[in-house]
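Under the working numbering, read the sequence shown as residues 4 to 121, first letter to last.
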Amino acid sequence: MEWKHFVLIGFGGGLGSAFRAYVAHVLRGGFPWWTFLVNVAGCFLIGFLMRELDEERIGLRFFLVTGFCGGFTTFSAFGSETMELLRAGEFGAGLGNVALTLACCLAAVAAGHELAKG
Numbered sequence: 004m005e006w007k008h009f010v011l012i013g014f015g016g017g018l019g020s021a022f023r024a025y026v027a028h029v030l031r032g033g034f035p036w037w038t039f040l041v042n043v044a045g046c047f048l049i050g051f052l053m054r055e056l057d058e059e060r061i062g063l064r065f066f067l068v069t070g071f072c073g074g075f076t077t078f079s080a081f082g083s084e085t086m087e088l089l090r091a092g093e094f095g096a097g098l099g100n101v102a103l104t105l106a107c108c109l110a111a112v113a114a115g116h117e118l119a120k121g
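Pasting the structure below:
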């Protein structure tokens with residue numbers, strides 16, 4: 004990997020993180036829908052991009068996949084919010100968050116792959 008790839012990843016990660024913060028600001032409150040939505044959207048996007056961007060466009064791949072998608076999606080927030088639900092005794096919501104997130108994120112990656120395949 005060349006140094007410019009690290010720079011591309013950094014810029015992409017910054018943009019992804021900023022966009023995630025914006026979505027969190029707009030959709031805050033109650034059930035952690037913002038985390039769910041960014042994770043599903045990010046999974047769809049990464050599924051599409053991994054299929055669409057070949058090695059000839061490695062710079063764009065680093066910028067969008069590793070950088071933007073890495074900064075945009077947030078597994079740590081998912082884990083933290085799920086733990087908060089469980090600690091509050093909201094076991095149905097906590098387990099539902101896990102099941103819904105995993106199922107929808109896997110489906111989103113598959114949908115992204117299929118869309119890119121054409």
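Quick reminder that beta carbons are idealized off the backbone N, C-alpha and C, glycines included.
How big is the Cα-Cα spacing for residue i and residue j?
{"i": "I61", "j": "A44", "result": "22 Å"}
{"i": "L48", "j": "E58", "result": "17 Å"}
{"i": "L122", "j": "F66", "result": "It is not possible to answer for residue 122, since the shown part of the chain is limited to 4 through 121."}
{"i": "N100", "j": "R54", "result": "28 Å"}
{"i": "F122", "j": "H28", "result": "The question about residue 122 has no answer, for the chain in this structure spans 4 to 121."}
{"i": "F9", "j": "F51", "result": "22 Å"}
{"i": "E87", "j": "G121", "result": "41 Å"}
{"i": "R90", "j": "Y25", "result": "27 Å"}
{"i": "E93", "j": "R23", "result": "25 Å"}
{"i": "G97", "j": "V112", "result": "23 Å"}
{"i": "A119", "j": "G33", "result": "34 Å"}
{"i": "S83", "j": "E5", "result": "34 Å"}
{"i": "G95", "j": "K7", "result": "46 Å"}
With distance defined between alpha-carbon atoms, name the residue in the options nearest to residue i.
{"i": "H116", "options": "F94, E5, F66, L56", "result": "L56"}
{"i": "A21", "options": "A111, T77, L89", "result": "T77"}
{"i": "A102", "options": "A91, T85, L63", "result": "T85"}
{"i": "C46", "options": "A114, Y25, R64, K120", "result": "A114"}
Confirm the yes/no value for this check: CB of residue i, any heavy atom of the ligand COA, distance under 8 Å.
{"i": "L63", "result": "This structure lacks the ligand COA, and indeed carries no ligand of any kind."}
In or out: residue i buried (at least 16 other Cβ within 10 Å) or exposed?
{"i": "F81", "result": "buried"}
{"i": "R64", "result": "buried"}
If we count Cβ pairs, one from each stretch, closer than 8 Å, do we get three or more for the segment 54–72 versus the segment 13–24? yes
Can you confirm whether the segment 100–117 touches the segment 39–48 when touching is taken to mean that 3 or more C-beta pairs between the two stretches lie within less than 8 Å? yes
List, from N- to C-terminal side, the alpha helix (DSSP H) runs of 4 residues or more that fit wholly inside the segment 27–79. 36–55, 61–64
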